[in-house]
Each structure stands twice: as C-alpha cells, then as structure tokens.
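*Asks:*
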Amino acid sequence: MLNSFPFLSPLHINAASSKLSSTATASTSSPINADALPQFKLTLTEKAKTVTSTSTSGTLCTLVTPSSSPSSPSPEIAGYPFGSHCDYVLDGLGNPVLLMNEDSQHTKFVEASEGQVSLFTQLGNEGGGNQEVSRVSLTGILTPFSGDEEDLDSLKMKYSLAHTYADRVMESPKFKFYRLRVESCYYVGGFGVGAKWVDVEEYGRCEPDILAKESQSICEKINEENEDDLLNVGIHLLSITSITLARLTGIDRLGMDLRVTYKGARSKEYTDEFRIGFRIPIMSTEDAKSETLKIFQEAWEKGEGVEWEVGEEEEEDYKLPVFKFASDALGKS
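Position 189 of the sequence shown, counted from 1, bears residue number 188 in numbering that gives the first Met the number 0, the numbering being contiguous throughout.
Here is the structure:
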C-alpha cells in the first residue's frame, strides 16, 4: 500500500553513482511513435473500466415523471433529468448495481418510467480541481432484481464490503437491488484533452488496471513530494521549456501519464498530456516505485549531460517510450 511507497528524489542521489560515458551512441529518451507502441498504454476502454471499478459512488440521473401524489413534482418539468447521489458496485460485466430505497425520489422516477438513466462517476482528486480527473458517464436501463439472479449473493457481499451501512438495510423490504445494463459509455480523460464514446461490449469484457485502487494515492504522493523531478521529466525527457506546472495524472501497469502546463507564444498557457511507458509491465506498487524512480533518474542524468552507452543492436529495445497523446483542445483550437 501507500505506506510502502517511499519515493526518493533522484535529485538527492549521489551523482557519483551516475558517472557514465558521455559519448553515448544513442539517447535513452528519444521520443518514439505512439501508434507503434500500443503495449505501452491502456486503451480508453480499459481506462473507463478502471474509473468505474475504482469509484463506488456517483450521480444518478433519472427522468422526472410526475404522478398524482401530492409530493409529485410539477408537470412542467416532466422529462427533465433529475440528478441524485448513489452508491454502487460493478457486476462481472461492468454493469453498476445499486441498492435503492423505494421512498427515494429517484426510485419513484425509475419505477414510473421505462428505467432510462445515466450514471456519472469520476476518480477522486484531493490534490487538484475536479476538471483534471478522469470520469465516465454510463447510460442504460435500470431494472430491479427479481431475486433469483445467480450473482445476487456475491453482489450482496461485494456491496456490503464497499458500503458499510448496507448490512443495516439490505434485508429491509423497503430496499431493493437494481442493475444498470450499460448501453453506452462515455470516457473523459481530463479538462480539454481527450474524450470518447467507447465500445460497450469491449467495456464489458476488459479488466480494470491492476493499480486501479492505488493509482490515485500514488499520484497524489508523487505530485506532493516530487515536484522538481516532474519538472525535470518535462524539461529533459519531453523537451518542453517554460513549464509552469507538471503533474502526474495517472499511473498504471504500462506507464504513467503526465499533464504539463507551459507558456507559449505571447505568454499564453497551454496544457498537453504525455505518456511515458514503462520498459516492462509492472505488477505491484513496489514495481511502480522502481520504474518511476528509473524515469526520474533518467531525466536527472540527461539534465546533467550524462547518457548511457548503447550499441546499435540494443538502441530500439532500450528507448524510453515517450509520446504526446493529447494536445490542448482549448488553447490550440
């Protein structure tokens, strides 16, 4: 867990340990073609599944459906979307499962309609604005469980582990499980940098990233304690000058995502997203620590004018996968 993730800044590593040849035949951080290296980045569908798997709550939007009840909303807003908080867990295909009170307004709207809803969820972000984080909108039909579903018992267990209050109300006749069968999935990677509708069948089949639960904490810790190292990466590995901010926005088994804000023409600020791939896939937070430190060290060494000596046959295998995957959609429109 995060307590076993103590980052050491390469800026404080003894420079004597990096006395390498300065007559290298190839740079270790030459940018390479992203399209040729799909193995160094998650698909957008995998990213979407990682968001919905990591989050356990969101905003459920139902359609306002007036009734004859005295507490019914005005007919003038019939058909309008109504947003409310909800908790959920995912079933085996990535469909959200909700535990809903029959007296809740959103439950009444679902029961009085054909169940058309959308669920918005996003990664937490204690260290920055909510516009920076990845988020997903799922749209589909929300229907109650009949009680004879094969996965009901396992979902009850999963729900009680994710939401501690559930044990107190789960067996109440007023509460019932509902399943949102996803018909569309919209993924947004961050503010102004990347968004796409993803394939629903692929979303159902794919697995969340192995670091899904730890990624947010890792990013927060690095952004807090390794600011100089992130700037070094932007300057020496991404070749960006006039950087005003560099933040790690994601880390997964295949690499890390860096959001860099810098000043361009007429001092206008731009924000671009970069991917730095790991040379080998990681399987744990300890692996993530090791590979991230290697990247920080490599940026520091390049800033010091030190390069590894690599033979021609090893050059392609040794290059660090570095590429831009999204440009500032606002500043460069």
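From the three backbone atoms N, C-alpha and C, an ideal C-beta is built for every residue, glycine too. Every value quoted in this text rests on a predicted model; they were computed, and no experiment measured them.
Hey, does residue 276 have any beta-carbon neighbour from chain C nearer than 8 Å?
*Replies:* The question asks about chain C, but that chain is absent: this structure has only one protein chain.
*Asks:* When you compare each of 162, 185, 188 to residue 98 by their alpha carbons, which one comes out closest?
*Replies:* By one-based count along the sequence shown, residue 98 stands at place 99. Ranking the options by Cα distance to residue 98, first place goes to 162.
*Asks:* Can you check the segment 34 to 95 for any alpha helix (DSSP H) of at least 4 residues that lies completely inside it and give the ranges in chain order?
*Replies:* With a minimum length of 4 residues, the continuous alpha helix (DSSP H) runs that stay inside the segment 34 to 95 are 43 to 53.
*Asks:* Please work out which residues of its chain come closer than 7 Å, Cβ to Cβ, to residue 204, disregarding the five sequence neighbours upstream and downstream, and give them in chain order.
*Replies:* Position 205 of the sequence shown, counted from the start, is the residue given in the question as residue 204. Excluding positions up to five away in sequence, the list is empty.
*Asks:* Once DSSP output is grouped into helix, strand and coil, what is the label at residue 140?
*Replies:* Here residue 140 refers to the residue found at position 141 when the sequence shown is read from its first residue. Here residue 140 sits in strand by DSSP.
*Asks:* For the alpha helix (DSSP H) containing residue 299, list its first residue and its last residue.
*Replies:* Position 300 of the sequence shown, counting from 1, holds the residue named residue 299. Residues 284 to 302.
*Asks:* Is there contact between the segment 198 to 218 and the segment 283 to 297, where contact requires at least three CB pairs shorter than 8 Å?
*Replies:* Contact holds: three or more Cβ-Cβ distances are below 8 Å.
*Asks:* Taking the alpha carbon of residue 52 as the reference point, which residue from 93, 41, 83 has its own alpha carbon closest?
*Replies:* On the sequence shown, residue 52 is found 53 positions in, with the first residue counted as 1. Comparing Cα positions, the closest option is 93.
*Asks:* Quick check on residue 299: buried or exposed, where buried means 16 or more other Cβ atoms within 10 Å of its Cβ?
*Replies:* Taking the sequence shown and counting its residues from 1, one reaches residue 299 at position 300. Buried, because 16 or more other Cβ atoms sit within 10 Å of the Cβ of residue 299.
*Asks:* For residue 163, which three-state DSSP category applies?
*Replies:* Position 164 of the sequence shown holds residue 163. It is coil, neither helix nor strand.
*Asks:* Should residue 44 be labelled buried (16 or more other beta-carbon atoms within 10 Å of its own) or exposed?
*Replies:* Your numbering for residue 44 matches position 45 in the sequence shown. Burial call: buried.
*Asks:* In this structure, does DSSP put residue 123 in helix, strand or coil?
*Replies:* Here residue 123 refers to the residue found at position 124 of the sequence shown. Here residue 123 sits in coil by DSSP.
*Asks:* Counting only the same chain and skipping the five closest in sequence on each side, list residues whose C-beta sits under 6 Å from that of residue 83.
*Replies:* Translated into positions along the sequence shown, residue 83 becomes position 84. Within the same chain, residue 83 has close Cβ partners 59, 105.
*Asks:* Rounded to the nearest angstrom, what separates residue 81 and residue 302 at their Cα positions?
*Replies:* Position 82 of the sequence shown holds residue 81. Position 303 of the sequence shown holds residue 302. Going from the Cα of residue 81 to the Cα of residue 302 covers about 53 Å.
*Asks:* Since residue 251 and residue 210 should fall inside the 8 Å C-beta cutoff, what is the C-beta to C-beta distance between them, to a whole number of angstroms?
*Replies:* Within the sequence shown, numbered from 1, the residue matching residue 251 stands at position 252. Within the sequence shown, numbered from 1, the residue matching residue 210 stands at position 211. Indeed, because the Cβ distance is near 5 Å, the residues count as touching under 8 Å.
*Asks:* Considering only their Cβ atoms, is the gap separating residue 189 from residue 133 smaller than 8 Å?
*Replies:* Residue mapping note: residue 133 aligns to position 134 of the sequence shown, counting from 1. Residue mapping note: residue 189 aligns to position 190 of the sequence shown, counting from 1. Yes, these two residues count as a Cβ contact at 8 Å.
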